[in-house]
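Let me begin by presenting the structure, written as structure tokens, before commenting on it.
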Amino acid sequence: MAADTKKTKQTIVSKPFMTGNAIDRSMIGDALAFLGVWAVCVFMCAIACMVVLPGSDGLRIAFDCIIELIVLMLFFNNGANKGTEAVGRGEIMYQRSENGRPVSDDEKASCYHPAKGFLTGIAGTLPLLILTVTLALLAKRTVTTAGTLPAWLSGYERRSEIGDALTAYTQLTPATFTDILRMIVRILIMPVVSAIGSENREGLLLAERLSPLVVLLPAIAYGIGYTRGPVLRSRVHTAIADGKKKQRKREKREHRERRRSITKGTEKLN
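Rendered as structure tokens:
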């Protein structure tokens with residue numbers, strides 16, 4: 000049992016790296032890329048949530064939760080890739096500094112910093128935060144408006160004793176700024192809106208008021224993924240070291256087999 004434990008024990012290999020700044024020049028481009036991925040995810044989620052699922056509300060809620068988890072995992076992986084790249088840059092800059100070669104301020108700033116992923120995600124989410132915070136401050140419970148006047152009642156509109164009562168059905172209520180903003184925000188948080196259901200007005204009101212937190216979830220997932228950079232980079236070095244170790248063992252084994260075959264050939268000749 001002890002031999003198996005010793006055989007499966009793996010030595011973690013890591014290299015020193017230079018730590019950068021939380022904010023650097025590349026953050027604007029990374030934030031715009033983050034926002035672009037956000038826009039694509041919103042479009043895909045809107046299409047996916049339009050799929051009509053047969054069965055109970057539980058299936059619809061489960062489907063919407065899966066969509067949201069897929070989106071968060073996408074941003075988590077993107078952040079992890081960025082964090083790994085930043086750590087790799089930090090290792091190069093560290094080696095350059097150790098060798099006495101100059102490292103510019105921009106190169107140093109571009110290296111890994113644990114807060115950089117969160118700040119990049121928040122910067123990319125900033126336009127959406129402005130929209131959602133505005134709606135959260137203006138949100139009110141929606142009320143049912145008068146429906147369309149049935150065709151068979153249109154003839155009574157000109158009768159004085161009935162026409163006044165039917166006026167509410169003929170007047171069109173113009174869309175307000177809040178109505179347009181509500182439509183945009185609900186598209187941004189479509190999986191949550193779809194899970195709540197269009198008939199649950201109290202739930203939708205709560206979702207609108209909490210929409211700033213909902214749109215921040217991808218930024219949080221991106222930031223958490225970014226902080227995994229050092230661990231993932233260490234796994235890369237560990238895998239490389241294990242590969243080299245296995246190669247050395249294979250070469251030693253092949254060398255022993257060649258010596259054994261030469262020894263056997265010599266013994267036969269004698």
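Counting along the sequence shown from 1, when you hit position 69 you're at 68 in numbering that gives the first Met the number 0, and nothing is skipped either side.
Cβ coordinates follow ideal geometry from the N, Cα and C atoms, glycine included.
So, at 7 Å on beta carbons, what are the nonlocal neighbours of Ile179 in its own chain, with the 5 sequence-adjacent residues on each side left out? Along the sequence shown, read from residue 1 onward, the residue named residue 179 stands at position 180. None.
In chain order, which alpha helix (DSSP H) runs of at least 4 residues are fully inside the segment 66 to 133? 104 to 108
For the segment 194 to 253, list the alpha helix (DSSP H) runs that are entirely contained and at least 4 residues long, ordered along the chain. 200 to 208, 210 to 226
Would you kindly check if the distance between the Cβ of Phe176 and the Cβ of Cys110 is under 9 Å? Mapped onto the sequence shown, residue 110 falls at position 111. Mapped onto the sequence shown, residue 176 falls at position 177. Not in contact: Cys110 and Phe176 (Cβ atoms no closer than 9 Å).
Measuring CB to CB, does Val70 end up less than 9 Å from Leu187? Position 71 of the sequence shown, counted from the start, is the residue given in the question as residue 70. Position 188 of the sequence shown, counted from the start, is the residue given in the question as residue 187. For Val70 and Leu187, no; Cβs fall outside 9 Å.
Residues in its own chain within less than 7 Å of Arg227 by CB, not counting five upstream and five downstream? What you label residue 227 is simply residue 228 of the sequence shown in a count that begins at 1. Only Ala79, Gly82 meet the Cβ criterion.
Please report how far the alpha carbon of Val191 lies from the alpha carbon of Ala61, in whole angstroms. Here residue 191 is taken as the residue at index 192 of the sequence shown, counted from 1. Here residue 61 is taken as the residue at index 62 of the sequence shown, counted from 1. Those two C-alpha atoms are separated by around 11 Å.
Could you spell out where the alpha helix (DSSP H) holding Asp29 opens and where it closes? Numbered from 1 along the sequence shown, position 30 holds the residue referred to as residue 29. Here the alpha helix (DSSP H) through Asp29 covers 26 to 48.
Exposed unless 16 or more other CB atoms sit within 10 angstroms - verdict on Lys115: In the sequence shown, residue 115 corresponds to position 116, counting from 1. Flag for Lys115 reads buried.
Best match in Glu198, Ser210, Arg140 for proximity to Lys189 [C-alpha to C-alpha]: The sequence position of residue 189 within the sequence shown is 190, counting from 1. Per the sequence shown, the amino acid found at residue 189 is Met instead of Lys. Considering only alpha carbons, the answer is Ser210.
Inspect the CB distances between the segment 115 to 133 and the segment 204 to 222 and report whether three or more fall short of 8 Å. yes
Can you have a look at Ser193 and say buried or exposed, based on whether 16 or more other CB atoms are within 10 angstroms of its CB? As a first step, residue 193 must be located in the sequence shown, where it is residue number 194. Answer is buried; the Cβ neighbour count reaches 16.
Simplified DSSP state of Asp178, which is helix, strand or coil: Residue mapping note: residue 178 aligns to position 179 of the sequence shown, counting from 1. Correct three-state label for Asp178: helix.
So, for Thr205: in the same chain, excluding its five sequence neighbours on each side, which residues have a beta-carbon less than 6 Å away from its beta-carbon? Taking the first residue of the sequence shown as position 1, residue 205 is located at position 206. A quick correction: the sequence has Leu, not Thr, at residue 205. If we look at Leu205 and ignore the five residues flanking it on each side, it has no Cβ neighbours.
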